[in-house]
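Residue numbers (the numbering used here): 100 to 155.
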């Protein structure tokens, strides 16, 4: 998880340039999951499961 999504995208774009300049053939950027409703739901379930007995 990341707080600086814009920074991650900028790094990905710079990384792409460097990758191709170095002779890379196929670049794949995997976006952060932070804003995915499926990820938020899955994370909430993990938290609930793993906090059982810790909070009332």
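Every residue, glycine too, gets a C-beta built ideally from N, C-alpha and C.
- The C-alpha of residue 138 is placed about 6 Å away from the C-alpha of residue 132.
- Residue 125 sits in coil when the DSSP states are folded into three classes, being neither helix nor strand.
- Counting along the chain, the unbroken alpha helix (DSSP H) around residue 136 starts and ends at 136-149.
- Rounded to whole angstroms, residue 124 and residue 145 show a C-alpha spacing of 37 Å.
- Rounded to whole angstroms, residue 153 and residue 147 show a C-alpha spacing of 10 Å.
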